[in-house]
Amino acid sequence: MAAVQAFTPLADIKPFKTHWKIQVKIVHSWTQYTQFTGETVEMVLADTAGTLIHATVKKPQVSKLQRFIVSGEWRIIDRPFDELPAVLFTT
Numbered sequence: 090m091a092a093v094q095a096f097t098p099l100a101d102i103k104p105f106k107t108h109w110k111i112q113v114k115i116v117h118s119w120t121q122y123t124q125f126t127g128e129t130v131e132m133v134l135a136d137t138a139g140t141l142i143h144a145t146v147k148k149p150q151v152s153k154l155q156r157f158i159v160s161g162e163w164r165i166i167d168r169p170f171d172e173l174p175a176v177l178f179t180t
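So our numbering is basically just the index in the sequence shown, starting at one, shifted up by 89.
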């Protein structure tokens with residue numbers, strides 16, 4: 090029987106960690122365009138403790154993931170960081 094992996098709190102996400110499982114609520118999202126990065130989707134995410142984090146979905150993944158980005162929805166992210174199409178920034 091496999092052990093259930095607990096969610097990693099957003100406060101514990103570190104740049105050197107390559108794999109974690111988080112449960113987050115999409116607090117706010119918007120599309121942004123700049124000449125440097127092109128189109129991106131920006132998000133503010135929160136965990137159950139109320140910790141906030143900023144995430145960016147980069148241009149190549151916007152069309153694939155935009156339908157899953159709904160403000161107010163809870164999402165579980167469980168994949169290695171190098172496979173994740175978003176960049177997370179602690180606030």
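Each residue gets a CB set at the ideal place from its N, CA and C atoms; glycine is no exception.
Annotation for Leu154: the continuous alpha helix (DSSP H) segment containing it runs 148-154. For Val133 against Val116, the beta-carbon gap comes to about 4 Å, under 8 Å, which counts as contact.
At least 8 Å separates the beta-carbon of Gln112 from that of Thr140. Out of Leu154, Ser152, Lys114, the CA that lies nearest to the CA of Trp163 is found in Lys114.
Put simply, of Ala144, Gln150, Ile158, Thr123 the residue whose alpha carbon is nearest the alpha carbon of Ile102 is Ala144. Closest in C-alpha terms to Ser152, from the list Thr120, Asp167, Ser160, Phe105, comes Thr120.
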